[in-house]
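One line per chain: the protein sequences are A and F, in this order. According to the numbering used here, the first sequence is numbered sequentially starting from 1. According to the numbering used here, the second sequence is numbered sequentially starting from 1. Step one of this worksheet: look at the structure below.
Number of protein chains: 2
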Amino acid sequence: MSVTYKYPHPAVTVDAVVFGFDDADLKLLLVQRLAQPFKGQWALPGGFVQMHESLDQGVRRELAEETGIDRLYLEQLYTFGEPERDPRERVISVAYYALVKLNAYHVVAASDASEVAWFAVADLPKLAFDHEKIVETALRRVKAKIRYEPIGFELLPEKFTLSDLQRLYETLLEEPLDKRNFRKKILATDLLVPLDEYQQDVAHRAAQFYRFNRARYEQLRERGFNFEL
Amino acid sequence: MSVTYKYPHPAVTVDAVVFGFDDADLKLLLVQRLAQPFKGQWALPGGFVQMHESLDQGVRRELAEETGIDRLYLEQLYTFGEPERDPRERVISVAYYALVKLNAYHVVAASDASEVAWFAVADLPKLAFDHEKIVETALRRVKAKIRYEPIGFELLPEKFTLSDLQRLYETLLEEPLDKRNFRKKILATDLLVPLDEYQQDVAHRAAQFYRFNRARYEQLRERGFNFEL
DNA sequence: CGAGAAAGTGTGTTTTAGACACTAAGAGTC
DNA sequence: GACTCTTAGTGTCTAAAACACACTTTCTCG
Chain A
1 MSVTYKYPHP AVTVDAVVFG FDDADLKLLL VQRLAQPFKG QWALPGGFVQ
51 MHESLDQGVR RELAEETGID RLYLEQLYTF GEPERDPRER VISVAYYALV
101 KLNAYHVVAA SDASEVAWFA VADLPKLAFD HEKIVETALR RVKAKIRYEP
151 IGFELLPEKF TLSDLQRLYE TLLEEPLDKR NFRKKILATD LLVPLDEYQQ
201 DVAHRAAQFY RFNRARYEQL RERGFNFEL
Chain F
1 MSVTYKYPHP AVTVDAVVFG FDDADLKLLL VQRLAQPFKG QWALPGGFVQ
51 MHESLDQGVR RELAEETGID RLYLEQLYTF GEPERDPRER VISVAYYALV
101 KLNAYHVVAA SDASEVAWFA VADLPKLAFD HEKIVETALR RVKAKIRYEP
151 IGFELLPEKF TLSDLQRLYE TLLEEPLDKR NFRKKILATD LLVPLDEYQQ
201 DVAHRAAQFY RFNRARYEQL RERGFNFEL
């Protein structure tokens, strides 16, 4: 079964840069390629867009197929279309980035039988195609976005401590933050709900857990509120 | 001459949302469609990406062909890929937005023989395809971006007065700004160079001309400077 | 019960944002 | 050439936000 067109058409893929956060490291989800080209090398999860699905649906499908991840914060990043980025044919890739709660996916199902693994962003293997460039773009975007939108919560579990949150911000912003000022500022946004729960089995004073109040955020945002750290 | 593929491929187009600024109005450049579908309707300039050119090159070529515009600030906006957005076949459109100095292009050459015209953004005609959605997205982007990057200068002529600049900001932000505070803030960035030139033939005190110091901006940006109005 | 380790908490200072109103300059009119 | 019209240009005070900064609390473990 083949298809004929009057003019040449590029192939279109969707690729996903999936970030997770783990104690002190930003992590990236990669899959190992089963086929040529770049067979055996690590690459971003992704694949060809099907004719009946939207781009968003496409990434979601590919992610589920290759990694088992299916509910996440996903946003279009950039479209990469240099003529020579794939040795086989002209391939245009619409890249997305996603933020996931790492601990919710510690075991990654790989129904496509390829290897799937998390890598620290600071220590990535060599990637297939121009995926390094895509990852760089995604990193830049996330680091910029974290400053003015509360996307950091997508990387943390449902319940987290203020120290967890601060650690996340310090990692992404690559600068230390003052504990008192950080807490003052983050609590002033009125986006965190303190829970009646505390850490267990820690060898020091137990920290209180909080959760992100998403409904409140939507509410505030409609009234022109601006999150800024 | 036709082409055959093993699997179906979508067509890929590039479309450009070109903004200009004229005294008090933000304007948008549109072309009139010569062919079906949507024949006779206004649409964004754009067309199919050729196999040997990058996406950036593609938009630039299409823009030059259809409107004669060839040197401008151009940035990728978003990729639109809903399956039904084009009635002919599956078409994925990589949209760009551009900012041009309107007076430099007052006469638009239309080498493709189609009509080309500027429309006030506040008063657009009905557009072909999902181009209204694309324009909305571009508008949102530009309005957001103008706050934290000095892209406004791309819309103004080389030499402009502070009142011109303020009018531009007021139009884009859709709010009046205090003259003294605006001037204080904008001059404090150290990005404007006062010129030894003044308005001519105006029936009131002549305003001084300024120019944007692009080199200075690059310099400051590298040192982590953050433009913000 | 002392040591270690992280949680939690408040104030004073500096910087930045915002409100606000008059004088200066040039052209046009009588 | 005096008056009017129109926009250019300018400074201060107040309020809010950002930032610097250090000690006490709570818990576990040995």
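A virtual CB, placed ideally from N, CA and C, is assigned to each residue, including glycine. Bear in mind that the values here come from a model prediction, so they are computed numbers and not experimental data.
- Query: For A/V49, which residues in chain F fall below 8 angstroms Cβ to Cβ?
  - Reply: The answer, in chain order, is P10, G81, I92.
- Under 7 angstroms between beta-carbons, which chain A residues line up against F/Q76? List them in chain order, please. By Cβ distance, chain A contributes Y78, T79.
- Message: Does chain F have any CB closer than 9 angstroms to the CB of A/K143?
- Response: It does not: the Cβ of A/K143 has no partner Cβ on chain F nearer than 9 angstroms.
- Task: At 3 residues or longer, and completely inside the stretch 57-109 of chain F: list those beta strand (DSSP E) runs for me, N to C.
- Result: Counting only runs of 3 or more, we get 73-80, 91-99.
- Message: Taking CB distances under 9 angstroms as the criterion, tell me whether F/Y97 reaches chain A.
- Response: False, the Cβ-Cβ gap to chain A never drops below 9 angstroms.
- Query: F/K143 to F/A207, Cα distance in whole Å?
  - Reply: When rounded, the separation of the alpha-carbon atoms in F/K143 and F/A207 is 27 angstroms.
- Item | Minimum Cβ-Cβ distance from A/V3 to chain F less than 9 angstroms | Under the Cβ criterion of 9 angstroms, A/V3 is counted among the residues facing chain F.
- Would you tell me roughly how many angstroms separate the C-alpha atoms of A/F209 and F/I186, rounded to the nearest one? In a straight line, the C-alpha of A/F209 is about 43 angstroms away from that of F/I186.
- Query: Considering F/L26, what are the terminal residues of the beta strand (DSSP E) in which it resides?
  - Reply: F/L26 -> beta strand (DSSP E) spans 25-32.
- Item | The alpha helix (DSSP H) enclosing F/Y7, as first and last residue numbers | Run containing F/Y7: none; DSSP gives neither H nor E here.
- Could you tell me whether the Cβ atoms of F/G47 and F/G58 are closer together than 9 angstroms? Taking 9 angstroms as the cut-off, the Cβ atoms of F/G47 and F/G58 count as close.
- Using alpha carbons as the reference points, say which of A/V18, A/R216, A/P10, A/A188 lies closest to A/K101. Proximity to A/K101 across A/V18, A/R216, A/P10, A/A188 peaks at A/V18, based on C-alpha coordinates.
- CA-to-CA distance, A/R147 to A/E174, given in whole angstroms: The C-alpha of A/E174 lies about 12 angstroms from the C-alpha of A/R147.
- Message: Measuring alpha carbon to alpha carbon, tell me which residue in F/Q199, F/A98, F/S114, F/R216 is nearest F/V135.
- Response: Answer by Cα proximity: F/A98.
- Item | Boundaries (first-last residue) of the alpha helix (DSSP H) holding A/D164 | Annotation for A/D164: the continuous alpha helix (DSSP H) segment containing it runs 162-173.
- Inspect the CB distances between the stretch 25-32 of chain F and the stretch 73-91 of chain A and report whether three or more fall short of 8 angstroms. Between the stretch 25-32 of chain F and the stretch 73-91 of chain A there are fewer than three C-beta pairs closer than 8 angstroms, too few to call the two in contact.
- Can you give me, in chain order, the residues of the stretch 151-169 of chain F that have a beta carbon less than 8 angstroms from any beta carbon in chain A? Of all residues in the stretch 151-169 of chain F, none is placed with a Cβ closer than 8 angstroms to any Cβ belonging to chain A.
- Going straight from the alpha carbon of F/R60 to that of F/S54, what length do you get? So the two alpha carbons sit approximately 10 angstroms from each other.
- Message: Please report whether the beta-carbon of A/E65 lies at a distance below 9 angstroms from any beta-carbon of chain F.
- Response: So, not an interface residue.
- Task: Check the C-beta distance from F/V91 over to F/T13 and give it rounded, since I have them as a contact under 8 angstroms.
- Result: Indeed, because the Cβ distance is near 6 angstroms, the residues count as touching under 8 angstroms.
- Can you name, in chain order, every residue of its own chain whose Cβ lies under 7 angstroms from the Cβ of A/F38, other than the five neighbours on each side? If the five residues before and after A/F38 are omitted, its C-beta is found closer than 7 angstroms to the C-beta atoms of A128, F129, all from its own chain and listed in chain order.
- Do we get a CB-CB distance below 9 angstroms when we pair A/E136 with the residues of chain F? No Cβ of chain F is located within less than 9 angstroms of the beta carbon of A/E136.
- Say whether chain A places a C-beta atom closer than 9 angstroms to the C-beta of F/Y7. F/Y7 counts as touching chain A.
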